[in-house]
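In order, the protein sequences belong to chains A and B.
Quick note on numbering: the first sequence equals residues 0 to 245 in numbering that gives the first Met the number 0.
Quick note on numbering: the second sequence equals residues 0 to 245 in numbering that gives the first Met the number 0.
Have a look at the structure below, then the notes.
2 protein chains.
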Amino acid sequence: MSVAATADPEVAGSLHARILSDISEKIMSGAWAPGHRVPFEHELTEQYNCSRMTVNKALSQLAKAGLIERRRRSGSFVRRPRSQAAVLEIHDIRVEVEALGLAYRYERVARHRRRSNGADLSLLELGQAGPVLTLECRHFAGERPFAHEQRLINLAAVPEAAGEEFLDIAPGPWLIGRVPWSEAEHRIRAVAADSRTAQALDIELGAPCLVVERRTWGAERPVTHVRFTYAAESHTLVARFRPSQG
Amino acid sequence: MSVAATADPEVAGSLHARILSDISEKIMSGAWAPGHRVPFEHELTEQYNCSRMTVNKALSQLAKAGLIERRRRSGSFVRRPRSQAAVLEIHDIRVEVEALGLAYRYERVARHRRRSNGADLSLLELGQAGPVLTLECRHFAGERPFAHEQRLINLAAVPEAAGEEFLDIAPGPWLIGRVPWSEAEHRIRAVAADSRTAQALDIELGAPCLVVERRTWGAERPVTHVRFTYAAESHTLVARFRPSQG
DNA sequence: TGCCTTAATATGTATATACATAATAATTGC
DNA sequence: GCAATTATTATGTATATACATATTAAGGCA
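Put into C-alpha cells, the structure is as follows:
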C-alpha cells in the first residue's frame, strides 16, 4: 500500500497520518539518508505533542512499508531500499484495448478437454495427472489481432470450467470472477513469432513479440497457466516503483 | 508489504498478527468471497478474547493492504481485487548475471557530457534545458553480451555524475547509492534489433529483443532515463502477485 | 584495561477508556 | 405509507497505562 499522504478526506489531517507523511517525505526527499536515525518515539511525542501510541502507530506503518527499520533499544533507522520493486498492473485485455480508444473483440479459436500430459504437469506444476481444459483465443483491438492467448485450466481446481464454452467470455475475467484472490507469477520475455503465432496475430514469421506467461494459484493449488503473445508494436507493459511499497 | 504471516520470530504468535493471518487466510482461500462481511470488531473481540484496539489494529492493516474495505456503521467487507498488481523486482544487472551462475563484466562504450536537446527533454520530462550526461554501456554474462544500456543522466539532479568516468562502475548502482529513495516508471516491450543493438549484443539484425526503459525521479525532478536491451533468449522478467499488496 | 553484572532505555504488544462521526435502524407524526 | 427526527451502532482516532523484552550504557572489580 502507499504510505504517501494523499488528499484523502478519510485520513487527511489526522495526527498519525501527518506524522507518517512528514517522515516519509524526509526519507523520500533524501533529507534523511539511509542509516539516519529517526528521532526516538519520546522525542516525536514532544515534537507533535501527542501520545507515544500515536507515534508508534505511524512508525510501525513506515516499518511495514519498508522505509525504516526498528530496533529495540536502539531506535528507528532509515533503510536502504531493497531491490526496487516495481508494481506491474495486470489488466483484463479488454481494459487495455479500450484504454487505447479501440473496440475490443474476443474470439475463441479452439477448446479441448483432455487429461493432463507431462508438459501440462510441468506448466501447471501439478503433482499428478487430472482433467484439464486447453483454450486458444484471440483478442482484437479494432480490426487488428492484439493478443494471442494459449491457456491451460486445471479442472480439479475449477470444475465449473468444464461446463463453460468460452465462446462469448474470455477465460481471464471468467476465472477472476471465481478465484478472485489468487497468487500469480508472470514471466515476461521477447520471442520471434513462430508460424502459429504469426498466423494468429497476422504478423510476419520471425517478427518480435512480447510474451507474458502467467501461472495462477488458488487455494494452494494451481488454477491456470496462460501465455499471452503480443505483436511488438502493439503492446508496452508499464511498471511503477514507489518506494513506499513493501 | 506482505500481510501474510510468516515464520517471523518477531511477530509470530502475537495476537494481532494471528488475527490478521486468520482473516487473510479466509479471504485468500476463497472461504470469504468478495462482498462477505467480516465479523464486527466487537464480535472478533469476543472470539479472540482481546480488546477492540487489538482487533482494530489487525483490520486496519488488512484495509491498508487492500483485502477488505471498512465502512463506518456498516462493518468491514472483503474486497474484490483491483487490477492484479504484480511486483516486478528490478535487480542490479550484476545480481541477475550472477544468479545465472555466470561471471559478470561491465564495459563502458561511450560517455558524453552535453547540453540537453529536445529528445532529452522528452525522455527525461524536463521543463528546461540543462547539462546532461549520456552513457552507452554493455553488460556481459560470461563471454556473451547480456544487456545493452543507453542512459541519460540529468546533471542538474546529480551534479556529482559529471565527475565520474563510469569506467569501472555501472551507472545504475552508482546512482542508487546517491539517490536511494527514488520513484521509477518502467516500460517493457519487444523490439527487433536495429544495427546498433545487433552490434552491441552480437546478435542478428532484426532479432527479437526485450527492452526495459526506466525513468527515475529523485526529489521531485527527473534523475535519469535508461534503456536496457536484452537479447530475447538471454532474459526473462519475473513478476509475482500476492494479493496482500496494496 | 577488560570482563562481568546490573541498570537504564527504547521499542513491542496489549488493554482500557474516551470521544468523534458516519451510517443504519427505529420511532413519530401526518 | 412516507418523511422527518431521533436513537443506536460500528468504525475512526487518540490517550493513558501497563508489562515484556532486547539492547545499550554504566559501574565495579580483578
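We put the CB at the ideal spot given by N, CA and C, even for glycine.
request  = May I ask you to list, following chain order, the residues of the stretch 173 to 206 of chain A that have a beta carbon less than 8 Å from some beta carbon of chain B?
outcome  = So the list reads Ile175, Val178, Pro179, Trp180, Ser181, Glu182, Ala183, Glu184, His185, Arg186, Ile187, Arg188, Ala189, Val190, Ala191, Gly205, Ala206, given in the order they occur along the chain.
task = Note down, in chain order, each residue of its chain lying with its Cβ closer than 7 Å to the Cβ of Ala238(B), except the 5 sequence neighbours on either side.
result = As a working note, residue 238(B) is residue 239 in the second sequence. The answer, listed in chain order, is Ala85, Val86, Leu87.
key: DSSP-derived helix/strand/coil call for Thr235(A)   = To locate residue 235(A), count along the first sequence from 1; it is residue 236. Here Thr235(A) sits in coil by DSSP.
task = Residues of the stretch 222 to 243 of chain B with a CB closer than 7 Å to any CB of chain A: list them in chain order, please.
result = Cβ contacts with chain A come from Ala231, His234, Thr235, Leu236, Val237, Ala238, Arg239, Phe240, Arg241, Pro242.
query = Of all Cβ atoms in chain A, is any one closer than 8 Å to the Cβ of Leu87(B)?
reply = Residue numbering aside, residue 87(B) sits at position 88 when the second sequence is read from its first letter. Cβ-Cβ to chain A under 8 Å: yes for Leu87(B).
request  = Just mark Ala6(A) as buried or exposed, buried being the case when its beta carbon has 16 or more other beta carbons within 10 Å.
outcome  = Here residue 6(A) refers to the residue found at position 7 of the first sequence. Confidence at Ala6(A) is low in this model, with a pLDDT of 37, below 50, so its placement is unreliable and no value can be given for it.
message = Between which two residues does the beta strand (DSSP E) holding Ile168(B) run?
response = Reading the second sequence from its first residue, position 169 is the one you call residue 168(B). Judged by DSSP secondary structure, Ile168(B) falls outside any beta strand (DSSP E); it is assigned neither H nor E.
ask   = From Ala64(A) to Ala64(B), what distance separates their C-alpha atoms?
value = Within the first sequence, the letter at position 65 stands for residue 64(A). Within the second sequence, the letter at position 65 stands for residue 64(B). One alpha carbon belongs to Ala64(A), the other to Ala64(B), and they sit about 10 Å apart.
task = Inspect the beta-carbon positions of Ala189(A) and Leu209(B) and report whether they are closer than 8 Å.
result = The residue labelled residue 189(A) in the question sits at position 190 within the first sequence. The residue labelled residue 209(B) in the question sits at position 210 within the second sequence. In this structure, the beta-carbon distance from Ala189(A) to Leu209(B) falls below 8 Å.
message = Looking at the secondary structure, which residues open and close the beta strand (DSSP E) in which Arg213(A) lies?
response = By 1-based counting over the first sequence, the position of residue 213(A) is 214. The continuous beta strand (DSSP E) containing Arg213(A) extends over residues 207 to 216.
key: Beta carbon proximity, Leu58(A) to chain B, threshold 8 Å   = Along the first sequence, read from residue 1 onward, the residue named residue 58(A) stands at position 59. Interface residue (Cβ-Cβ distance to chain B less than 8 Å): Leu58(A) is not classified as such.
ask   = With 16 other CB atoms within 10 Å as the buried threshold, where does His224(A) fall?
value = Against the first sequence, residue 224(A) aligns to sequence position 225. Counting Cβ neighbours within 10 Å, His224(A) comes out buried, since at least 16 surround it.
request  = Determine the chain B residues that contact Ile250(A) at a beta-carbon separation under 8 Å, and present them in chain order.
outcome  = Since the first and last residues shown for chain A are 0 and 245, residue 250(A) lies out of range.
query = Can you pull the DSSP bridge partners for Thr53(B)?
reply = Walking along the second sequence from the start, residue 53(B) turns up at place 54. None, per the DSSP bridge assignment.
message = Strictly under 8 Å for the Cβ-Cβ distance: is Gly29(A) near chain B by that measure?
response = Along the first sequence, read from residue 1 onward, the residue named residue 29(A) stands at position 30. Interface annotation, Gly29(A): in contact with chain B, CB-CB separation under 8 Å.
inquiry  = In the DSSP output, what is Ser75(A) paired with across the bridge?
reply    = Here residue 75(A) refers to the residue found at position 76 of the first sequence. BP columns for Ser75(A) point to Val37(A), Arg69(A).
request  = List the whole-angstrom C-beta distance separating His256(B) from Arg213(B), where the pair is believed to meet the contact cut-off of C-beta under 8 Å.
outcome  = Shown here, chain B extends from 0 to 245; a query on residue 256(B) therefore has no answer.
message = For Ala197(B) and Leu123(B), I'd like the C-alpha separation in whole angstroms.
response = Taking the first residue of the second sequence as position 1, residue 197(B) is located at position 198. Taking the first residue of the second sequence as position 1, residue 123(B) is located at position 124. Using only the alpha carbons, I get a separation of about 25 Å.
key: Positions along the stretch 157 to 169 of chain A whose CB lies within less than 9 Å of some CB in chain B   = Here the close residues number zero.
message = What would DSSP say about Val157(A), mapped onto helix, strand or coil?
response = Within the first sequence, numbered from 1, the residue matching residue 157(A) stands at position 158. Reduced to three states, the DSSP call for Val157(A) is coil.
ask   = Taking a cut of 7 Å between CB atoms, which residues from the stretch 69 to 102 of chain A lie near chain B?
value = Within the stretch 69 to 102 of chain A, the residues whose Cβ lies closer than 7 Å to any Cβ of chain B are, in chain order, Arg79, Pro80, Ser82, Gln83, Ala84, Ala85, Val86, Leu87, Glu88, Ile89, His90.
ask   = If you draw a straight line from the C-alpha of Gly245(A) to the C-alpha of Gly176(B), how long is it?
value = In the first sequence, the residue the question calls residue 245(A) occupies position 246. In the second sequence, the residue the question calls residue 176(B) occupies position 177. Confidence is the limiting factor: at Gly245(A) the pLDDT is only 38, short of 50, which leaves the residue's position unreliable and the question unanswerable from this model.
message = Does Arg241(B) come out as helix, strand or coil in the three-state DSSP assignment?
response = Reading the second sequence from its first residue, position 242 is the one you call residue 241(B). If DSSP states are grouped into helix, strand and coil, Arg241(B) belongs with coil.
message = I'd like to know if Ala155(A) contacts chain B, where contact means its C-beta is closer than 8 Å to some C-beta of that chain.
response = Counted from its first residue, the first sequence places residue 155(A) at position 156. Nearest CB-CB separation between Ala155(A) and chain B: not below the 8 Å threshold.
message = Once DSSP output is grouped into helix, strand and coil, what is the label at Arg93(A)?
response = Translated into positions along the first sequence, residue 93(A) becomes position 94. Correct three-state label for Arg93(A): helix.
inquiry  = 8 Å is my cut-off, CB to CB: does Pro38(B) come that close to chain A?
reply    = The residue you call residue 38(B) lines up with position 39 of the second sequence. Closer than 8 Å: no.
ask   = From Pro8(B) to Ser181(A), what does the alpha carbon distance come to, in whole angstroms?
value = For the purposes of this step, residue 8(B) is identified with residue 9 of the second sequence, where counting begins at 1. For the purposes of this step, residue 181(A) is identified with residue 182 of the first sequence, where counting begins at 1. Low confidence applies here, because Pro8(B) scores a pLDDT of 37, under 50, leaving its location unreliable; read the following figure in that light. The alpha-carbon of Pro8(B) is positioned some 26 Å away from that of Ser181(A).
ask   = Does any residue of chain A bring its CB to less than 8 Å from the CB of Leu209(B)?
value = Along the second sequence, read from residue 1 onward, the residue named residue 209(B) stands at position 210. At least one chain A Cβ lies under 8 Å of Leu209(B).
query = Alpha carbon to alpha carbon, how far is Glu164(A) from Arg110(A)?
reply = Working through the first sequence from its first residue, we reach residue 164(A) at position 165. Working through the first sequence from its first residue, we reach residue 110(A) at position 111. Roughly 8 Å separates the two Cα atoms.
Below-8 Å beta-carbon distance, Gly217(B) vs any chain A residue = What you label residue 217(B) is simply residue 218 of the second sequence in a count that begins at 1. Gly217(B) counts as touching chain A.
task = Could you name the residues of chain A that Pro144(B) contacts, counting a contact when the two beta carbons are closer than 7 Å?
result = Here residue 144(B) refers to the residue found at position 145 when the second sequence is read from its first residue. Contact annotation for Pro144(B) against chain A: no contact, minimum CB-CB distance about 15 Å [criterion: below 7 Å].
request  = Please go through the same chain and pick out, in chain order, the residues whose beta-carbon is closer than 8 Å to the beta-carbon of Tyr47(A), but skip the five residues on each side of it.
outcome  = Mapped onto the first sequence, residue 47(A) falls at position 48. The beta carbon of Tyr47(A) is closer than 8 Å to those of Leu14, Arg17, Ile18, Thr53, Val54 in its chain, skipping five residues each way along the sequence.
inquiry  = Contact criterion: CB-CB distance below 8 Å. Does Pro130(A) meet it with respect to chain B?
reply    = What you label residue 130(A) is simply residue 131 of the first sequence in a count that begins at 1. No - not a single Cβ of chain B is within 8 Å of the one on Pro130(A).
task = Name the residue from Leu66(A), Arg81(A), Glu45(A) whose alpha carbon lies nearest to the alpha carbon of Ser75(A).
result = Mapped onto the first sequence, residue 75(A) falls at position 76. Comparing alpha carbon positions, the residue from Leu66(A), Arg81(A), Glu45(A) closest to Ser75(A) is Leu66(A).
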